[in-house]
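Reading through the structure tokens given below for one structure.
And the structure:
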């Protein structure tokens, strides 16, 4: 939502000019023009130069009269009331609305980009206990797996850079992913609330099953941990009992952006190997086989910048919301030349500039998205699942970032 070029803009612009009249050089310019003209007459007697200087002086005075008339026009009670109302309604939209708030949409785009990036590449990122503890492994449900929704972390390659994600790191990433997905899912989390709403909580069910191969006859045992004790649930040949962990989370923009940052932090610090034979060519990139940062580094950087700019925009909307609680009092007999009314105009100007800064950050989030590698950007825009937060057999490989909607 753009700030309207109304009397608000006019009055603020004029007031800003008048607040800095001396700095803008109006009075200094007038004095200089007169002084220079008189000095030239004394020194050279150049009547034409004197006439030119006084023509310039006349133009300056006409400009001043025009500006003064605009100030008087903007000083009417109705104009001031309209300016205050426009400023207030714009602030309310930024902080309290969802679909019409550029700041809200910027946060939503950053969240979708982070979870979408994981959905696009998760299929080729291995996970497991590593080579030293290959008798225990885990599977995670509701994940972007190939033609399914279950990822089994049972690989025995080395963990860390150029290896696989350890079970602990995958679990950390998956928890952040599940929280965001649940929050964005209208049927489960109800969607992310407005930016000024920090009171809501949500519940996420994380599906994971623990497995252990026993030393005797390689029997696979399903178990879960309760109060530090391992509780067996079934054995090979029996039906497994998937464990669902219930977590309560803060359903607000600040907490969800932290989860998005966690997803990117795990991917960048662990830097696992991309398990394709031709590297980034599987996504239409020209890179050779390597780690995720080698192949997707520019996209990771862009998404990190999206998250940071969204966090900054959110912080500024919180400040804006706090300032809106302190109502602007309309002065009687507004006169921009008095110190009291200059202060009023400065407060109006500060609030308008704060809103403009938030709008600029929201635009920067969109610009960051468009700096993601082209083929990856296309995958992020694609959505096989149909809606945000929904994970199906077709979720893998598509980001569901809902760019057009945001």
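In this note's numbering, the protein residues as written are 2 to 407.
Positions of the beta carbon are idealized from the N, C-alpha and C atoms, including for glycine.
All values derive from a computational prediction rather than experimental measurement.
- Its Cα nearest to that of residue 362, the residue 102 stands out among 87, 78, 93, 102.
- Note that the segment 283-299 does not touch the segment 85-92; fewer than 3 beta-carbon pairs, one per stretch, sit closer than 8 Å.
- Per DSSP, residue 138 is one residue of the beta strand (DSSP E) stretching across 137-146.
- Residue 379: member of the alpha helix (DSSP H) spanning 375-382, first to last residue.
- In the DSSP assignment, the residues bridged to residue 248 are 205.
- The beta carbons of residue 308 and residue 254 sit no closer together than 7 Å.
- In the three-state DSSP reduction, residue 164 falls in the coil class, being neither helix nor strand.
- Rounded to whole angstroms, the separation of the alpha carbons of residue 302 and residue 172 is 23 Å.
- Counted as a single uninterrupted DSSP element, the alpha helix (DSSP H) harbouring residue 82 occupies residues 78-97.
- Cβ neighbours of residue 288 within its own chain (closer than 7 Å, five residues either side excluded): 280, 281, 295, 296.
- According to the DSSP assignment, residue 151 belongs to the beta strand (DSSP E) that extends over 149-154.
- Between the alpha carbons of residue 112 and residue 323 lies a distance of about 25 Å.
- Within the same chain, and ignoring the five residues on either side of residue 306 in sequence, the residues whose Cβ sits closer than 7 Å to its Cβ are 369.
- Secondary structure of residue 183 (DSSP, three-state): helix.
- The beta carbons of residue 143 and residue 392 sit closer together than 7 Å.
- When DSSP states are grouped into helix, strand and coil, residue 126 belongs to the strand group.
- Rounded to the nearest whole angstrom, the CA to CA distance from residue 278 to residue 357 is 48 Å.
- Going by C-alpha positions, residue 354 is about 30 Å away from residue 192.
- Its chain contains 129, 138 as the residues whose beta carbon lies nearer than 6 Å to that of residue 155, once the 5 sequence neighbours on both sides are disregarded; these appear in chain order.
- DSSP, reduced to helix, strand and coil, places residue 211 within a strand of the structure shown.
- The three-state secondary structure of residue 305, taken from DSSP, is helix.
- For the set 300, 319, 367, 350, the Cα lying nearest the Cα of residue 199 is the one of 319.
- Burial state of residue 162 is exposed, judged by a 10 Å Cβ sphere holding fewer than 16 other Cβ atoms.
- A residue is called buried when at least 16 other Cβ atoms come within 10 angstroms of its Cβ; residue 246 does not meet this threshold and is exposed.
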